[in-house]
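Let me begin by presenting the structure, written as structure tokens, before commenting on it.
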Amino acid sequence: MKSEITHYCQIKNGKVIFDENLLYEDKEVDFQKFIKNAYQFFELDYRKFYKMDPLCKLAVMNSSVLIANLTEKLDPKTALLLTNKSACVDIDLKHQKSITEGFARPADFVYTLPNISLGEISIKNKLRSENSFFIFETFNPEFLITYTQQLIQTKKANAVLAGWVEIAENDYNALLFLVEKKKGIALKKENLLNLI
Amino acid sequence: MENLKKELKEKIIEALNLEDLTPEDIKDDELLFGEGLELDSIDALELIIILDKDYGIKLDDPKKGKKIFESIETMANYINENRSK
Amino acid sequence: MNTIKSEAVFFAEGECITPLGWTLQKNIENLKADKSAITEVKDKNFAENPFYGAVLNKEKLNQKFENLAYQEEFSTLEKMILLASENIKNTYENALKDKCGLIISSTKGNITALENEDISAYFLSNLAQKIGKALKIKSQPIVLSNACVSGIMAISVAKRLIQSGAYNHFIVIGADLFSKFVFSGFQSFQAISKKPCKPYDKSRDGITLGEAAAVAFITKDKEKIKNKTYFEIIGDSSINDANHISGPSRTGEGLFQSIENAKKEADISAEKVACISSHGTATLYNDEMEAQAFTRAKLQEKPVFSLKGRFGHTLGAAGLLETVITLKFAEENLIPPSFNYEKHGLTLPLNISSTFQEKEMDIILKTASGFGGSNTAVLFKKHHS
Numbered sequence: 001m002k003s004e005i006t007h008y009c010q011i012k013n014g015k016v017i018f019d020e021n022l023l024y025e026d027k028e029v030d031f032q033k034f035i036k037n038a039y040q041f042f043e044l045d046y047r048k049f050y051k052m053d054p055l056c057k058l059a060v061m062n063s064s065v066l067i068a069n070l071t072e073k074l075d076p077k078t079a080l081l082l083t084n085k086s087a088c089v090d091i092d093l094k095h096q097k098s099i100t101e102g103f104a105r106p107a108d109f110v111y112t113l114p115n116i117s118l119g120e121i122s123i124k125n126k127l128r129s130e131n132s133f134f135i136f137e138t139f140n141p142e143f144l145i146t147y148t149q150q151l152i153q154t155k156k157a158n159a160v161l162a163g164w165v166e167i168a169e170n171d172y173n174a175l176l177f178l179v180e181k182k183k184g185i186a187l188k189k190e191n192l193l194n195l196i
Numbered sequence: 001m002e003n004l005k006k007e008l009k010e011k012i013i014e015a016l017n018l019e020d021l022t023p024e025d026i027k028d029d030e031l032l033f034g035e036g037l038e039l040d041s042i043d044a045l046e047l048i049i050i051l052d053k054d055y056g057i058k059l060d061d062p063k064k065g066k067k068i069f070e071s072i073e074t075m076a077n078y079i080n081e082n083r084s085k
Numbered sequence: 001m002n003t004i005k006s007e008a009v010f011f012a013e014g015e016c017i018t019p020l021g022w023t024l025q026k027n028i029e030n031l032k033a034d035k036s037a038i039t040e041v042k043d044k045n046f047a048e049n050p051f052y053g054a055v056l057n058k059e060k061l062n063q064k065f066e067n068l069a070y071q072e073e074f075s076t077l078e079k080m081i082l083l084a085s086e087n088i089k090n091t092y093e094n095a096l097k098d099k100c101g102l103i104i105s106s107t108k109g110n111i112t113a114l115e116n117e118d119i120s121a122y123f124l125s126n127l128a129q130k131i132g133k134a135l136k137i138k139s140q141p142i143v144l145s146n147a148c149v150s151g152i153m154a155i156s157v158a159k160r161l162i163q164s165g166a167y168n169h170f171i172v173i174g175a176d177l178f179s180k181f182v183f184s185g186f187q188s189f190q191a192i193s194k195k196p197c198k199p200y201d202k203s204r205d206g207i208t209l210g211e212a213a214a215v216a217f218i219t220k221d222k223e224k225i226k227n228k229t230y231f232e233i234i235g236d237s238s239i240n241d242a243n244h245i246s247g248p249s250r251t252g253e254g255l256f257q258s259i260e261n262a263k264k265e266a267d268i269s270a271e272k273v274a275c276i277s278s279h280g281t282a283t284l285y286n287d288e289m290e291a292q293a294f295t296r297a298k299l300q301e302k303p304v305f306s307l308k309g310r311f312g313h314t315l316g317a318a319g320l321l322e323t324v325i326t327l328k329f330a331e332e333n334l335i336p337p338s339f340n341y342e343k344h345g346l347t348l349p350l351n352i353s354s355t356f357q358e359k360e361m362d363i364i365l366k367t368a369s370g371f372g373g374s375n376t377a378v379l380f381k382k383h384h385s
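Chains as they are written, first to last, in the working numbering: chain A, 1 to 196; chain B, 1 to 85; chain C, 1 to 385.
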């Protein structure tokens with residue numbers, strides 16, 4: 001059975017979209033305010049959310065909306081495969097500033113690795129699965145497709161939640177898509193480029 | 001003392017990103033860790049920094065923190081007795 | 001759609017530069033001579049009081065780098081990477097033109113650029129492009145940034161991508177700097193050891209940081225391998241703890257599952273593993289977590305060693321550096337001691353290697369664990385041409 005894209009979620013330009021459906025829209029341009037509004041709208045009820053850096057907030061929000069809208073339970077062997085360009089630049093700059101001012105803050109330092117976002121998604125969804133974070137200059141559909149297919153074909157995962165989670169200050173774009181051994185949108189470069 | 005407690009609550013909310021709370025939501029004798037506010041080990045390290053940065057108290061042994069950080073009450077008492085700024 | 005090609009993939013050979021030596025060979029010699037990369041550092045930029053760290057001599061680095069044929073300007077980290085890559089680049093010149101990929105494993109890359117507010121140098125993709133160009137690798141470089149498991153995970157990723165059919169070979173690079181950014185962070189965690197770190201020891205009190213660059217050539221073509229001894233990558237897995245973003249799982253669940261998956265893929269029992277080159281950071285919780293995971297995986301009697309007592313924790317380089325060193329020792333059928341270990345400090349009776357020991361080596365396990373709940377286990381099998 002072919003692996004195809006069964007669902008996706010995108011957060012971009014103040015919009016949260018799940019499978020072509022606009023679930024939430026907000027004119028707020030400040031990312032921190034926008035994501036807080038979205039958090040309240042989707043009733044995430046997850047206090048830890050407030051402590052997260054912008055990258056984790058974006059990744060957790062996107063994956064939570066996607067998973068909440070699935071009709072079937074997420075397979076426990078769903079791998080996580082995230083990519084972006086700017087790693088966790090916002091929290092890195094904040095941490096650097098604190099150092100210059102004389103006091104490094106543990107609550108910031110702990111978020112200065114992009115893969116913490118994988119940890120946060122894994123914890124929230126109790127996903128003990130394959131996970132990795134890669135960095136590219138731009139969205140790289142070929143890589144996402146090759147690595148996703150390899151994970152499923154070698155049975156290291158039954159499904160893969162993959163995508164691009166980019167944020168630098170108020171400029172953000174997060175596209176996560178779920179690939180399963182089911183009918184859906186073909187896992188092709190053109191299709192991913194259409195979605196992003 | 002009451003001022004110190006209020007100040008501590010504000011600082012904790014700010015430093016630990018407890019955006020959903022106001023100082024009035026935190027009771028003086030409420031447990032900060034475990035059941036009460038559900039703070040964790042990273043938060044404890046932040047509290048150590050508040051002691052250092054704002055009250056000039058150096059806490060080298062994190063284990064000592066357990067008693068001091070039990071509640072706002074215990075924290076305020078400790079700061080009152082040991083502060084150097 | 002590609003079909004499954006579970007063809008064999010090999011670790012051909014590695015190189016590294018560390019404060020202990022500018023070549024792999026020199027590092028091995030110095031380890032045997034009981035020398036360490038960790039020294040007392042007096043640098044007020046980092047801390048008021050002296051501290052322990054494994055820091056490269058930057059003057060010597062610049063001198064060594066001038067002997068290479070590069071014209072462009074490079075940062076300290078880039079010089080470390082290119083210097084470490086020089087031998088492999090020359091030895092496998094032809095392979096680099098033949099569907100060869102590049103993976104750079106780093107947690108923070110050129111992080112010191114932020115001190116000078118140089119945002120463009122901060123981006124890991126820029127670092128990767130620069131290195132790819134310098135090594136004349138045509139494919140788009142891949143950066144893996146998965147905390148402290150990055151270095152060993154990079155080998156696993158290279159193997160998977162070769163097996164997908166998209167690549168024939170990979171240059172895998174692991175590198176990170178000793179930076180104020182990371183040092184102050186771990187200081188605020190109260191996780192920096194007062195003495196050179198002592199993995200698995202009763203008196204261990206935290207990590208010692210280090211810096212290094214390591215390189216490996218990974219290929220599916222046995223015929224292209226120049227080394228007489230090389231290693232097949234027979235099983236690999238990276239499972240998240242889903243427990244806490246900075247604290248390791250108390251039960252070692254993610255690491256245990258990673259090891260079990262790797263064993264299953266390799267189709268071997270625990271009995272076949274000759275030794276474990278572990279993560280061993282010397283924090284209380286990491287080392288205890290590993291003891292739980294190794295015991296659950298029935299590896300409690302296998303010799304375990306951490307190399308961090310000599311190189312410190314080199315972050316994104318660590319997993320690769322430790323693999324390169326471990327497999328070089330394995331060529332000589334040698335298991336190194338777990339440096340700085342004196343008195344057992346775990347609640348479980350692991351077999352911590354206490355001296356250099358000779359042993360016929362067939363299968364070797366490398367593991368790592370890190371922030372974000374990440375874990376990786378990779379099994380290597382020795383081959384001779």
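Positions of the beta carbon are idealized from the N, C-alpha and C atoms, including for glycine. This one's a predicted model, so the numbers in the text were calculated from it and none came from an experiment.
Bridge-paired residues (DSSP) for residue i
| i | result |
| --- | --- |
| C:Trp22 | C:Trp22 is not bridged to any residue. |
| A:Ala162 | A:Leu81 and A:Phe177 |
| C:His384 | C:Thr229 |
| A:Ala168 | A:Asp171 |
| A:Lys15 | A:Lys12 and A:Glu25 |
| C:Ala102 | Per the sequence shown, the amino acid found at residue 102 of chain C is Leu instead of Ala. Answer is C:Ile171, bridged to C:Leu102. |
| C:Lys366 | C:Ser277 and C:Val378 |
| C:Val157 | Note: C:Val157 sits in no beta bridge, so no partner. |
| C:Glu40 | C:Tyr52 |
| A:Asn131 | A:Leu80 |
| C:Thr219 | C:Phe10 and C:His169 |
Proximity below 7 Å, CB of residue i to CB of residue j
| i | j | result |
| --- | --- | --- |
| C:Glu253 | C:Asp241 | yes |
| C:Ile88 | C:Ile173 | no |
| C:Ile218 | C:Phe178 | no |
| C:Val215 | C:Ser85 | yes |
| C:Ala212 | C:Leu321 | yes |
| C:Glu360 | C:Asn333 | yes |
| C:Lys32 | C:Phe231 | no |
| C:Gly319 | C:Ala368 | yes |
| A:Lys77 | A:Ala157 | yes |
| C:Gly151 | A:Gly119 | no |
| C:Phe65 | C:Leu77 | no |
Closest Cα partner of residue i within the set the options
| i | options | result |
| --- | --- | --- |
| C:Leu24 | C:Lys44, C:Ala8, C:Thr323 and C:Lys138 | C:Thr323 |
| C:Ile352 | C:Pro199, C:Asp43, C:Ile225 and C:Ala297 | C:Pro199 |
| C:Gly14 | C:Phe123, C:Leu77, C:Asn90 and C:Glu78 | C:Asn90 |
| B:Lys58 | C:Gln190, C:Lys42 and C:Ala54 | C:Gln190 |
| C:Leu473 | C:Phe186, C:Phe311 and C:Lys44 | Nothing about residue 473 of chain C can be read from this structure; chain C reaches only from 1 to 385. |
| C:Ala270 | C:Gly280, C:Ser246, C:Ala282 and C:Ala297 | C:Ala297 |
| A:Gln10 | A:Ala174, A:Leu192, A:Lys182 and A:Asn140 | A:Ala174 |
| A:Asn13 | A:Gln96, A:Asp26, A:Gly163 and A:Gln40 | A:Asp26 |
| A:Glu200 | C:Val304, C:Glu342, C:Glu290 and C:Gln257 | It is not possible to answer for residue 200 of chain A, since the shown part of chain A is limited to 1 through 196. |
| C:Asp201 | C:Ala266, C:Ile103 and C:Phe339 | C:Phe339 |
| C:Pro196 | C:Ile17, C:Lys26, C:Asn375 and C:Phe51 | C:Phe51 |
| C:Leu346 | C:Ser385, C:Leu299 and C:Glu290 | C:Glu290 |
| B:Glu14 | B:Glu35, B:Met1 and B:Asp43 | B:Asp43 |
| C:Leu161 | A:Thr112, A:Pro54 and A:Leu144 | A:Leu144 |
| B:Lys53 | B:Lys85, B:Ile68 and B:Leu16 | B:Lys85 |
| A:Val41 | A:Phe31, A:Phe49 and A:Leu23 | Per the sequence shown, residue 41 of chain A should be read as Phe rather than Val. Of the candidates A:Phe31, A:Phe49 and A:Leu23, the one whose C-alpha sits nearest the C-alpha of A:Phe41 is A:Leu23. |
| A:Asn191 | A:Pro141, A:Val89, A:Ala59 and A:Thr112 | A:Pro141 |
Whole-number beta carbon distance between residue j and residue i, since they are thought to touch under 8 Å
| i | j | result |
| --- | --- | --- |
| A:Phe133 | C:Asn146 | 5 Å |
| A:Ile67 | A:Leu187 | Contact doesn't hold; Cβ gap of about 19 Å is too wide. |
| C:Gly185 | C:His313 | In fact, because the Cβ distance is near 12 Å, the residues do not count as touching under 8 Å. |
| C:Phe294 | C:Leu327 | That pair is no contact at about 20 Å. |
| C:Gly316 | C:Ala121 | C:Gly316 to C:Ala121, Cβ: 17 Å. No contact. |
Report task. Using a Cβ-Cβ cut-off of less than 8 Å, give me the residues of the stretch 27 to 61 of chain B that come near chain A, in sequence order. Result -> If you check each beta-carbon in the stretch 27 to 61 of chain B against every beta-carbon of chain A, the ones closer than 8 Å belong to Glu38, Ile42, Asp43, Leu45, Glu46, Ile49, Asp52 and Lys53.
Query raised in the report: Using a Cβ cut-off of 9 Å, which residues of the stretch 76 to 101 of chain C contact any Cβ in chain A, in chain order?
Result: none
Query - Members of the stretch 5 to 17 of chain A near chain C, C-beta cut-off 8 Å - result: none
Query raised in the report: Which of the residues in the stretch 129 to 159 of chain C, read from start to end, lie with their CB under 7 Å from any CB of chain B?
Result: Residues of the stretch 129 to 159 of chain C with a Cβ closer than 7 Å to any Cβ of chain B: none.
Report task. Could you please tell me which residues of the stretch 105 to 121 of chain A, in chain order, have their CB closer than 7 Å to any CB of chain C? Result -> Arg105, Pro106, Phe109, Val110, Thr112, Leu113, Pro114, Asn115, Ile116, Leu118, Gly119 and Glu120
Query raised in the report: Taking Cβ-Cβ distances below 8 Å as the criterion, which residues of the stretch 185 to 201 of chain C are in contact with chain B?
Result: Ser188, Phe189 and Gln190
Query raised in the report: Using a beta-carbon distance cut-off of less than 8 Å, what residues from the stretch 307 to 320 of chain C approach chain B?
Result: none
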